[in-house]
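Here the sequence shown is numbered in numbering that gives the first Met the number 0, starting from 0 and rising by one per residue.
Glycine included, every Cβ here is placed at the ideal spot set by N, Cα and C.
Data block below; observations after.
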Amino acid sequence: MIRNTFKIGKIMSSGKVLVYGGKGALGSKVVEIFKENKYHTISIDLTKNEHADNNIVVDSSLDQLEQEKFIMEEVKNVLGDDKLDGVFCVAGGWAGGNSSSTDFVKNCDMMWKQSVWSSVISSAISSKYLKEGGILQLTGAAAAETGTPGMIGYGMAKAAVHHLVKSLSMNDSGLPKNCNVLAILPITLDTPMNRKWMPKGDFSSWTPLTLLGEKFLSWTTTPSTRPSSGSLLKIVTKNNETSFIPL
Numbered sequence: 000m001i002r003n004t005f006k007i008g009k010i011m012s013s014g015k016v017l018v019y020g021g022k023g024a025l026g027s028k029v030v031e032i033f034k035e036n037k038y039h040t041i042s043i044d045l046t047k048n049e050h051a052d053n054n055i056v057v058d059s060s061l062d063q064l065e066q067e068k069f070i071m072e073e074v075k076n077v078l079g080d081d082k083l084d085g086v087f088c089v090a091g092g093w094a095g096g097n098s099s100s101t102d103f104v105k106n107c108d109m110m111w112k113q114s115v116w117s118s119v120i121s122s123a124i125s126s127k128y129l130k131e132g133g134i135l136q137l138t139g140a141a142a143a144e145t146g147t148p149g150m151i152g153y154g155m156a157k158a159a160v161h162h163l164v165k166s167l168s169m170n171d172s173g174l175p176k177n178c179n180v181l182a183i184l185p186i187t188l189d190t191p192m193n194r195k196w197m198p199k200g201d202f203s204s205w206t207p208l209t210l211l212g213e214k215f216l217s218w219t220t221t222p223s224t225r226p227s228s229g230s231l232l233k234i235v236t237k238n239n240e241t242s243f244i245p246l
């Protein structure tokens, strides 16, 4: 079942942000940090984030057009005449495999749905509901800047997100005036699942989720801290120090 949950009454806050993938590890941290700073938060995901002010819960069995129709209607119901200060798309996943893998086509399809569908719908939301001068953040991958023979579907989907960012940053892209669009290209995020599956990993080279959430907040509240629109930011963490490197 698809459902939307929201609180009755006028939204009173520092601003309003939407987090696509708001129930995942990074999305949950982003919601948490914005709420701590008095922002009204809207989460879009397959399950509800209990900490978000609003939840738009999507049925994964719907095709992209059906998802887009449902989500756009629910965003309108939540916002009314209000606009968003930021849209943060941190939805995604990972699957490996080369062209001879048994699940090659299946995994390509899954990667496209998780990364590209979410990014495209986030862009559509931004075109209608982002404030002038707002920020749209999408999620790419550093690995996708070159070939990825061992994870073709993943690399292909992330490369498409990179192209989307470049296109949206150009004139006549459909976004409101003076909006900033960029992609983060992480290597390894410090998530509970990554720690579970890579218990012997070098955690000092993993990017903390709190750092990213705070960076998103800074980009929202202080536009002068934003990289130029269209930036693809490779995130490199070494010895617990993180750098954002424009590619």
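- Burial is judged here by how many other beta carbons sit within 10 angstroms of a residue's own beta carbon; Glu-73 has at least 16 and is buried.
- At a Cβ-Cβ threshold of 8 angstroms, Gln-66 and Ile-120 count as neighbours.
- Comparing alpha carbon positions, the residue from Thr-220, Leu-211, Asn-239 and Asn-106 closest to Ile-151 is Asn-106.
- Taken through DSSP and simplified to helix, strand or coil, Met-71 comes out as helix.
- Sorting Thr-138, Pro-185, Arg-225 and Ser-114 by C-alpha distance to the C-alpha of Pro-207 places Pro-185 at the top.
- If you draw a straight line from the Cα of Thr-147 to the Cα of Val-164, it is about 20 angstroms long.
- Look at the region 29-99 and you find these whole runs of alpha helix (DSSP H), each 4 residues long or longer: 63-78.
- The count of Cβ pairs closer than 8 angstroms, one atom from the region 70-84 and one from the region 12-19, reaches three, so the stretches are in contact.
- Scanning its chain for C-beta atoms nearer than 7 angstroms, with the 5 sequence neighbours on each side dropped, one finds around Lys-157 the residues Ser-114, Gly-139, Ala-140 and Ala-143, in chain order.
- Separation of the CB atoms of Lys-28 and Gly-200 is rounded to 19 angstroms, and the pair is thereby denied contact status at 8 angstroms.
- Counting along the chain, Thr-138 sits inside the beta strand (DSSP E) bounded by residues 129-138.
- Going by DSSP, Glu-240 is part of the beta strand (DSSP E) stretching over 240-245.
- The three-state reading of DSSP puts Gly-200 in coil, since its state is none of H, G, I, E or B.
- Straight-line spacing of the CA atoms in Ser-42 and Asp-62 works out to 20 angstroms.
- Scanning its chain for C-beta atoms nearer than 7 angstroms, with the 5 sequence neighbours on each side dropped, one finds around Tyr-128 the residues Val-74, Leu-78, Lys-82 and Leu-83, in chain order.
- Across the structure, Thr-219 and Asn-193 are spaced so that their CA atoms are roughly 28 angstroms apart.
- Non-local C-beta neighbours of Phe-87 in its own chain, meaning closer than 6 angstroms and more than five positions away in sequence, comprise Val-18, Val-29, Gln-136 and Phe-215, ordered along the chain.
- Its Cα nearest to that of Asp-58, the residue Thr-46 stands out among Thr-46, Asp-52 and His-50.
- If you compare the alpha carbons of Leu-167, Lys-112 and Gly-149 with that of Ser-126, the shortest gap goes to Leu-167.
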